[in-house]
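These notes are about the structure you will find just below.
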Amino acid sequence: MEPITHLQDKKRFEITEDGYTAYVAYELFEGGIDITHTLVPKPLEGRGLASALVKHVLEYAGVQALKVRPTCPFVKVYVERHPQYRYLIFES
-19 MEPITHLQDK
-9 KRFEITEDGY
1 TAYVAYELFE
11 GGIDITHTLV
21 PKPLEGRGLA
31 SALVKHVLEY
41 AGVQALKVRP
51 TCPFVKVYVE
61 RHPQYRYLIF
71 ES
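So this is what it looks like as structure tokens:
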């Protein structure tokens, strides 16, 4: 698997494989990060890239002491299945 890159100017984390780019988009808010969208092109589906990206963003949020707003449905499900990240979830 290729390395995950954080493109702050585009507000996303991405990984490129076989000429296609998968990414997680976000917006920052005071004290947190809103993960708004996860996109994996069809040719890259089934490789675990969405999970790898979300895990990377959640770990980044933890290191940066950011709370996470999981607007993206995939992120909500990921956190439900990986309870070790629940402490990061922003409670409004």
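Residue numbering for the sequence shown follows this note's numbering, beginning at -19 and increasing consecutively.
Don't be surprised by glycine CBs; every beta carbon is placed ideally from N, CA and C.
Since the structure is predicted, the reported quantities are computational estimates derived from the model, not experimental observations.
Taking every protein chain shown into account, the CB of residue 23 has fewer than 16 other CB atoms within 10 angstroms, so this residue is exposed. Straight-line measurement puts the Cα of residue -3 at about 32 Å from the Cα of residue 11. Cβ contact annotation for residue 21 (same chain, cutoff 8 Å, sequence separation greater than five): 0, 1, 2, in chain order.
By DSSP's assignment, residue -11 forms no beta bridge with any residue. Taking a 10 Å sphere around the C-beta of residue -7, we find 16 or more other C-beta atoms and assign the residue as buried. DSSP places residue 46 in the coil class of the three-state scheme, outside both helix and strand.
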